[in-house]
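Asks: Please read through the structure below; I'll follow up with questions.
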Amino acid sequence: MTVLFVDIVGFTSIVDELDCADVRDLQMDYFATVSAEVQAAGGVVEKFIGDAVMAIFGATAPVAGTPQDVSRAAAGAVRAGLAIQEALRGRLLAGRFPVRTRVGLATGDAIVDLDQTRDGGYGMVSGSVVSTAARLQAYAPHDTVVVCAATRAVTDEAVAYQEMPPVSVAGKSAPVELSRALYPQVVTAASALQTCG
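Numbering follows the UniProt record's numbering, with no gaps: position 38 of the sequence shown is 38.
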């Protein structure tokens with residue numbers, strides 16, 4: 001499963017200058033944009049927290065699935081992150097608020113309970129992949145999508161990446177390897193045959 005976190009850079013400073021109605025308008029536009037891109041890429045929005053959105057990919061099946069399922073879900077998550085950046089780049093939310101965002105992704109094992117989301121509540125995702133994705137989002141430069149080594153490993157053929165220096169992350173015993181997602185790569189028929197054959 002892959003977890004995506006996205007937030008608005010400097011959200012606290014932005015909302016300190018606005019009244020509550022303007023904050024709500026900004027959030028509604030932002031959440032609608034992010035949700036549309038997540039859903040278009042096959043993900044599920046798990047929750048909204050202030051200006052943060054947590055989404056999950058590859059969690060709707062009863063079991064983890066095949067390696068191809070994991071790769072497909074992770075590639076969808078990276079595409080969603082890139083699409084979110086593109087959809088928000090240069091756009092004024094609620095018609096007047098420019099924002100910059102950053103996205104962090106991590107792929108790994110988790111236990112997922114989405115039952116409550118059907119009733120308008122929150123689901124629950126349990127596993128270190130959640131905190132890893134949240135931490136990576138905090139390390140992402142503005143207007144970028146940053147992924148962990150596990151996400152890159154299962155999406156390397158589908159996405160072009162740029163290596164970043166490893167970072168020390170709270171709660172992790174070793175530095176975490178990061179890569180910046182640049183753009184989706186086109187899979188040719190020849191490379192698809194090599195992968196299948």
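Positions of the beta carbon are idealized from the N, C-alpha and C atoms, including for glycine.
Look at ALA106 and CYS148 and say whether their C-beta atoms are less than 8 Å apart.
Replies: Within the sequence shown, numbered from 1, the residue matching residue 106 stands at position 106. Within the sequence shown, numbered from 1, the residue matching residue 148 stands at position 148. Cβ atoms of ALA106 and CYS148: closer than 8 Å.
Asks: Residues in the same chain with beta-carbon distance under 6 Å from MET54, minus the five sequence neighbours each way, listed in chain order, please.
Replies: On the sequence shown, residue 54 is found 54 positions in, with the first residue counted as 1. Once the five neighbours on either side are set aside, the close Cβ partners of MET54 are PHE5, GLU46, LYS47.
Asks: Just to confirm, are PRO184 and LEU82 a CB contact at a threshold of 8 Å?
Replies: Indexing the sequence shown from 1 puts residue 184 at position 184. Indexing the sequence shown from 1 puts residue 82 at position 82. Going by C-beta atoms, PRO184 is nearer than 8 Å to LEU82.
Asks: Does the Cβ of LEU88 have 16 or more other Cβ atoms within 10 Å, making it buried, or fewer, making it exposed?
Replies: Stepping through the sequence shown from its first residue, residue 88 is reached at position 88. LEU88 is buried by the Cβ-count criterion.
Asks: Excluding the 5 residues flanking PRO141 on each side, which residues of the same chain have their C-beta closer than 8 Å to its C-beta?
Replies: For the purposes of this step, residue 141 is taken as residue 141 along the sequence shown, with counting starting at 1. Taken in chain order, the residues that qualify are ARG102, ARG180.
Asks: Please classify ILE8 as buried or exposed, where buried requires at least 16 other C-beta atoms within 10 Å of its C-beta.
Replies: Sequence index remark: in the sequence shown, residue 8 carries index 8 (1-based). Buried, by the Cβ-count rule.
Asks: Considering PRO141, what are the terminal residues of the beta strand (DSSP E) in which it resides?
Replies: For this step, residue 141 is matched to residue 141 along the sequence shown. From DSSP, PRO141 is part of no beta strand (DSSP E); its letter is neither H nor E.
Asks: Can you name, in chain order, every residue of its own chain whose Cβ lies under 6 Å from the Cβ of VAL78, other than the five neighbours on each side?
Replies: Reading the sequence shown from its first residue, position 78 is the one you call residue 78. These residues qualify, in order along the chain: THR155, VAL159, ALA181.
Asks: Does DSSP classify ALA21 as helix, strand or coil?
Replies: Position 21 of the sequence shown, counted from the start, is the residue given in the question as residue 21. It is helical.
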